[in-house]
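Contents: one structure, followed by commentary.
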Amino acid sequence: MTKLLEVKNLTMEFGGVVALKEVNLHVSAGEIAALIGPNGAGKTTVFNVVTGYYQPTKGDVSLNSQSVLGLKPNKIARLGLARTFQNIRLFGDMTALENVMTGADARNKVGLIGSIFGTSTSRQDEKLSHSRAAELLTFMGISHRSGQLARNLPYGDQRRLEIARALALEPKVLLLDEPAAGFNPQEKVELGELIKKIRDAGFAVLLIEHDMSLVMKISDRVSVLDFGQKIAEGTPSEIQSNQKVIDAYLGVVDNAS
Amino acid sequence: MSSYKTVLSKINLRDSFGAWWENATKRQRIIFRVALIGLFYALPFLDNPIIGTPETNFQSVLFYPLAVFVVMAVGLNIVVGKSGILDLGYVAFFAIGAYTHAVLGTFYGVNLWINIILGAAFAMVAGVILGLPALRLRGDYLAIITLGFGEIVRIVALNLEFTGGAAGIQGIPAPPNIFNVTFDVLDPKPHYWLMLTFTMLVVWMYMRLGKRRPGRAWEAIREDEDVAEFMGVETTKYKLWAFVLGGAIGGGAGAIYASQVASILPDYFTLNVSILVLACVVFGGMGNIWGVIAGAALLQYLPEKLRFLSETRILIFGLLMVVMMNIRPDGLFPRKKREKVYDKVTGQEISR
Amino acid sequence: MSLVKRSIGVAASVAVAFATFVAPAQAAPAGCNGNIKLVFQGGLTGGAAQTGIGEYNGFRLAILQYNEKKTASQPKVEVASIDTQASGSQSPALALKTVNDRCVVGVVGGMYSGETAAALPYYLKAGLPVISPSATNPTLPSVGGDVFHRVVANDLVQGPAMSKIAKREGKRIFVVDDQTTYGKGLADIIKKDVKATLVGKDSVTEGTTNFSSVVAKVKKAKADVVVYAGYYPEASKFIKQLRNNAATKNVKFVSGDGVLDEEYILLAGKYANNTYLTAPAYFLGAADKALTATYKKEYGVNPRIYTLEAYNATLFFLEAIKAGNTDKPSILKFINTKSVKGIGTTMKFDKAGEPSKKFINEFTVKNGKIAYVRNLINR
Amino acid sequence: MDFSILWSEFFGLTLDGIVVGAIYALVSLGYTLVYGVLRLINFAHSEIFMIGTFTSLGLSIVFGYTGLEEPLGIVLFFFVFLVMALASGIASGMSAVLLEFVAYRRLRRRGANRLSSLISAIGASFFLVELFRLTTESKDWDFPRMLSKDPVFSISTAYFTLDKIIILLGAFGLMFGLDRIINTTRLGRGIRAVSQDEKTAILMGVNVDRVISFTFLLGGVLAGFASTFYMLFYESTKFNVGFLLGISAFTAAVLGGIGNIRGALVGSFVLGLLQQYSSVVLGYNWRDVVTFVILVFVLLFKPTGLFGEAIQRARV
C-alpha cells in the first residue's frame, strides 16, 4: 500500500482566519478515501491547497513522495491529480467530447507549432485524445452526448461528464467534490457503483461527500474534518462508532437527511 | 424592434447553410470552396453600381479598409474571440508591422516579402514583452494595459527620429513584381490579392489550430480559466501564444498596408483603429471565424457605401451598431450554437 | 457572379485603364460631354472644417466666375471635392477615385501637409497637376515630383520669419509644437534658427487642454518669448493659461499661419491681442474689396485665411484651360512653365513647384481684429 | 530629464494636479459605479461628460455671456454657476439613464456577452460624438470668463484662484454626498448589494433595474457637475472633449481598482499628479507613456489596483 497522495500537517490561514490546522491526510493506491465534515469544515480548502490553487501557510503536500508545493495547478494536474467541482464547472460552450479531450490533451506532448504544421506526432496525439475521450464517455455511459454542448446536458450527465474530463488526465488520484449532490437515491447508488468501477480501473479516489450512506458504503477509509482540524480517521465502521465524530457531525446530518 | 427581431431570428443563415454544408458531398464542398475563393479574387472587377462605392475607389476600398480590417479582425479574434482576452491595443502590432516595412523598406531597401516576416516577428517580440507581465492580469485591467500599449507605440513613433516623427515616412517601396503582376500605387488590385492570400494563409493556420489542441486550450481558458488550469492546460503559455499569434498577424498586415499606401503617419494608428477592429470581431460573432470575416467586411464596407450621406454617415453607422447589437447580441453569425454530429460507428466527427 | 458578368467587368476596367493612360493628348477627355472637372481636396468636415470650407468657397467662387464669363468654345468646368477630414488615412482611397476619373484635370489642395503627402503618390503616378493653397511642409516636393505646386511659401521660409520676430522681441526664446506634421516641422526649423537664444522647448498634442506644465517650464526658463507652432484651438488655450500666470503674463507670443484665424480670436478673447502671427498669405478682405463683397453675397460668411490662396490656385488652372489646355499633360506643362496674374500677386512656379515669389507677412491682433503689420520676407 | 523644475515649481504643479485629479475623480466615479453593478466599461460615459460641457456652454449663451469682457459679481456668479452645474448634472444624468435604457438594458436582460454591451456602448458613443460634431459645426466653443483668475492667495508657487478653490470644495462636497447616498439610502444599499452579488440581491427583493438606472443617474450627475467644473477651469469645449478625458478617468479608475469608489478617487488624484510631474520632467509628449508604464507596474504588484476591486469595502 504505497501512499500516492500525502498531506503533512497542513495549515492554511486567510488573513488570520485559520481554515485548516495541522491536517494530515493520505490516499494510497487502489483505495477510496473519503473526507467528511460539516459545512465550512475546510474540505474544499483541502482540495484547493492540494491542487496548488492556494499556497499553504505551513505543511507539505507530496504526490508519489515528491513535494508538489509551489507548482502551478496545471503542472500538479499533469503529475497525476485531477478534480471535480462542488458546483459543476464545465466548459459550457464546448461539446462534451471536446471537454474530455481538453483533459486528455494534458497527456500529450505536441505543442502549438506541431499543430500548425500537422506533424505526424500531432495527428497521432489528436487521434489519441479523441479515442481516449470517446472511451471515457462510453465508460461514463454518456457517449450519446458526445456532440452536444456541455451546457445543454442534463444535470446528471454534467456530473458524469465532469468526472470523465478529470479521468481523461489519467490521474493517480481523483478528487471528487460532492459528486452525489443533487442526485436522487437511485442515482446515488449508480454513482457509488461507478466510483467503485473507477477505483477498480486503477485510480485512487479522494471523495468529499455529505451523503453518509454513500460514503460508508463505498469508502475504504474515512477522515473527518471539523473546524479545519482532523478529529478522526478510520474504516467506516470505526468512524460510525467514534463518539467525537457523532458529537461533531453525524447528529447534525441525521437531522438534515 | 421586436418584430425585426422575430424576423431576423427566423432567417438563420448559418444554420440553413450549415445544414446544406453537412449534407454536401466532398465534391460539392470543393466546388464551393473554389468558387468562393475565385469570387474573392475577382471582386476588384465587380465594381458595379450595386456593390461599388460611389464616392471612393472600390478597388482601393477593397484593400483598405476592407481586406486590412478582415485580416486584423481574424488576428484579434484569436485573442478576444477564441481565448477571451480583451485587447484594446491591437493597433500597436499593426503599427509595428507598418513601420517595419516603412523603415527597412525605404531606408535599407529590404523588400516586402522579408519585411512581412520581420514585421510579424517584431510584433511577436512586442507581444511577448507586453504579454508576459500583462497576461497575469484579467479582464478590464488587461484591457487598459493593452490600450496603453497601443497609445505608447504611436507616441514613440511620433517622437523618434528614424520613424520620421510626425511627418511619418513617404515613398515606401512596393514589392518587386511576381509572375509579371506589377505592384503600383495606382492599381490596388495586386496588393488586394496579396492581402487576400495572406488572409487565406492566416485562416488556414487558424483552422489548423482551432480544431486541434491549442484551439481547445484557448476555448477552455475563455470558458473558465481556473478550471482550464486544473485540467492541466498551461494557461499562461496558451494565453501568451494567442496574444503573440494575434500580434504576428497584425504585424504582417501592417507591412502589406504600408507597402500599398506608400506613406504612413503616426496618426493612422490611433486607438480608434483598435476599437474598430474589436467592433468587427464582436459584430461578426466572436470566436466564429466566418462570422468575424463577414462582420469585418460589412463594418468596413458600410461607411464607404454610406459616403453619399457624407456628413451623417458615422452618425448612422453608430446607430446601426447599437441596433445590431440589440437585435443580435452574439453578432451576425454567433459562435457554434450548432451542435456537431458524430458517426455512430467510428465516433468520428462528420461536420466541418 | 456569373462568368459573363465577370468578363464584362474585366473588359470595362481594361477599357477605363486604356482611356486613362493612352488617351491622345490635346483632345478634351472623352465621355465628359465637353466638361472638365477640378477637384478640391481638404477637410470639409472634422476638426479642421472651418478653414477647409473657407478654401473650398474660394475655389468654387473662381470656377463660378469662369463659367459665367467663359466663351462658347471654352469647356465648362465642374466643381468637385473630396473630403479628407484633413487626415492622411482618409486621402488614399479618395485620391485614387480622383485619378481614375477621366474628367478630372487638376486638384486644388490638399489643405494640410499630412493629407497632401498621403495623396501625392497617386497624383504623381497619374500625372495629375496639383496646386496646394496652404500645405507648407518643405518635404512635399520630394513626394510630389513635378505634379506638386503650391502658391504659398513653405515652412523653410515661414520658420525664419517667425524666428525673426522672436529674436526681434526677446532674448530668451521658448519653442512649443503640437507634434503635427505641420507644427513639428515648423518648430524644428525655428529651433535651429534661434539656437543661441533657445532656453527651452516642449511638445504638446492636438487636443491638449492643460498647459500648466508647459507654463511652468516657460516660467522656469525665464523665457520672454514663446513661439507656438501649431493650430489655433490649442494656441488659444495656451495663450490664456500663459496670461493667467503672474510669472508669464507678459511673455511675447509668436505663432504661425495655423493660428492666424478668426476662430483664434473668438477662443482666446482679449488674450489674443498683441500676439505676433505670421502667414505666407494675404487676407482676401484686405486684398480685394470687390471680390470680398461677391464672396459674402455668395456664401454669407467672411473669407478666412487661405480663401484667397485657394482662389488664386484655382485661377491658375482656369487660365490654363482658357489657353486651350484641356487634359492633364498640357495643363501640367502650362503650370510648370507659364506665369499667371492672381489677386495681389503674380504666380509662377520653380522646378520644385514652389512659388517663385516667396513672401511672409506679419500680422497681429488689435482689439479683436486681425491686422496686417508688415511684409517680413519677400524673395 | 529635468528634475530641478519639479522642485522649483512643485507646489504649483501639485495644486493643478489635484484640481485636474478632482475633475478626473468625478468622472471616474461614473465608470467605477457602473462597473460595480454591471461589470462592464461604460464606454459612452465620456460622451455623457461631453453633453454636460455643452449644457453649461448653452446656458452661458442663453444668458448672453458670450465674449464676456468683465467677470460677473461674486453673488451673481454663484447663482449662475449653480444653475449651470445643476442643469449639466440633470442633462448628463438623464442622458446616462437613457443610454442605459437604449444601449444596455435589453442586452443585460438577455444575459448577453459583456463585449456585446461594450460594442453597443461604442456605437452609442460614436452616435453622440457625431451628433454633437454636426450640431456644433465641429468647432471649439469658448466659455466666458465669468470669474476672475487672479489668485486669491498663494502658497509658494501654488496660486489659489477662485475657480480652483470652487472645484476642490465642490468636488469633495460631491464625493462626500455620494458616500452618504451609497451608505445610507435604500437605493445606495441596493447598489452595494447588486455590486456584491446580483443574484442574492434579487432574492433579497432588490429591484435591480431601478438600482442600475439609479447607478447610471448618479454617475451621469457627477459627470455633469464635473463638466461644469471643467468649463470653469479650461473655458472651452469641443465635440470630442470627452475622449481624452474619458481615457484618463478610466485609467484612474483602474489604477485605484475598478469597482471600488475609494480606489477611483485615490487613482484620480494619483493620476492627475503623475501627469503633471511627468510632463515637466520628461516633456508633455511622454506624459501618457509614463502614466501607462507606471500603471503597468502598479498592476503587476497589485493586480486588482491600489485598493482592490470589491465595491462593498468602498468608503470615501
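Protein chains in written order, with the working numbering: chain E, 158 to 414; chain A, 8 to 359; chain P, 805 to 1183; chain D, 354 to 669. Built from N, CA and C at the ideal position, the CB exists for glycine as well.
Beta-carbon proximity check, residue i vs residue j, cutoff 7 Å
i          : j          : result
Phe525(D)  : Ala438(D)  : no
Ile189(E)  : Asp357(E)  : no
Asp1075(P) : Lys1101(P) : The displayed chain sequence assigns Tyr, not Asp, to residue 1075(P). The answer is no: Cβ separation not under 7 Å.
Ile520(D)  : Ala375(D)  : yes
Val163(A)  : Ala102(A)  : no
Ser1007(P) : Asp981(P)  : yes
Asn339(A)  : Ala301(A)  : Residue identity check: residue 339(A) is Leu in the sequence provided, not Asn. Their beta carbons are under 7 Å apart, which means Leu339(A) touches Ala301(A) by this criterion.
Met499(D)  : Phe430(D)  : yes
Ser548(D)  : Val390(D)  : yes
Asp334(E)  : Thr241(E)  : yes
Ala74(A)   : Met207(A)  : no
Cys287(A)  : Phe76(A)   : yes
Val1030(P) : Val1022(P) : yes
Ala899(P)  : Ala923(P)  : yes
Gly892(P)  : Asn941(P)  : no
Cβ of residue i within 7 Å of any chain A Cβ
i         : result
Ala897(P) : yes
Below-7 Å beta-carbon distance, residue i vs any chain D residue
i          : result
Leu286(A)  : According to the sequence displayed, residue 286(A) carries Ala and not Leu. Ala286(A) counts as touching chain D.
Leu1046(P) : no
Residue i to residue j span [Cα, whole Å]
i          : j          : result
Ala1083(P) : Trp248(A)  : 54 Å
Asn1165(P) : Ile1181(P) : 7 Å
Asn1106(P) : Asn861(P)  : 10 Å
Gly370(D)  : Phe1015(P) : 12 Å
Pro56(A)   : Val234(A)  : 53 Å
Leu53(A)   : Gly59(A)   : 8 Å
Ile1109(P) : Leu1088(P) : 8 Å
Ala255(A)  : Met131(A)  : 5 Å
Lys232(E)  : Arg220(A)  : 17 Å
Gly658(D)  : Gly625(D)  : 16 Å
Lys874(P)  : Tyr927(P)  : 28 Å
Arg143(A)  : Leu653(D)  : 8 Å
Leu352(E)  : Glu319(E)  : According to the sequence displayed, residue 352(E) carries Ile and not Leu. Taking the straight line joining both Cα atoms gives about 13 Å.
Glu292(E)  : Ala307(E)  : 17 Å
Val209(A)  : Ile85(A)   : 11 Å
Minimum Cβ-Cβ distance from residue i to chain P less than 7 Å
i         : result
Ile358(D) : yes
Val633(D) : yes
Lys552(D) : no
Ser67(A)  : yes
Asn560(D) : no
Exposure label - residue i; buried when at least 16 CB within 10 Å
i          : result
Gln343(E)  : exposed
Val362(E)  : buried
Asp495(D)  : buried
Val180(E)  : buried
Ala1175(P) : exposed
Ser281(A)  : buried
Ser222(E)  : exposed
Arg486(D)  : buried
Interface flag, residue i vs chain E, CB-CB below 7 Å
i         : result
Arg320(A) : no
Ala227(A) : yes
Report yes or no: do the region 617-636 of chain D and the region 111-122 of chain A share at least 3 C-beta pairs separated by less than 8 Å?
no
Spell out a yes or no on whether the region 363-382 of chain E and the region 208-217 of chain E are touching, meaning 3 or more CB-CB pairs, one atom from each, closer than 8 Å.
no
Inter-stretch contact (C-beta, 8 Å, three-pair minimum) for the region 941-959 of chain P and the region 126-140 of chain A
no
Could you tell me whether the region 176-187 of chain A touches the region 874-889 of chain P, using the rule of 3 or more Cβ pairs below 8 Å?
no
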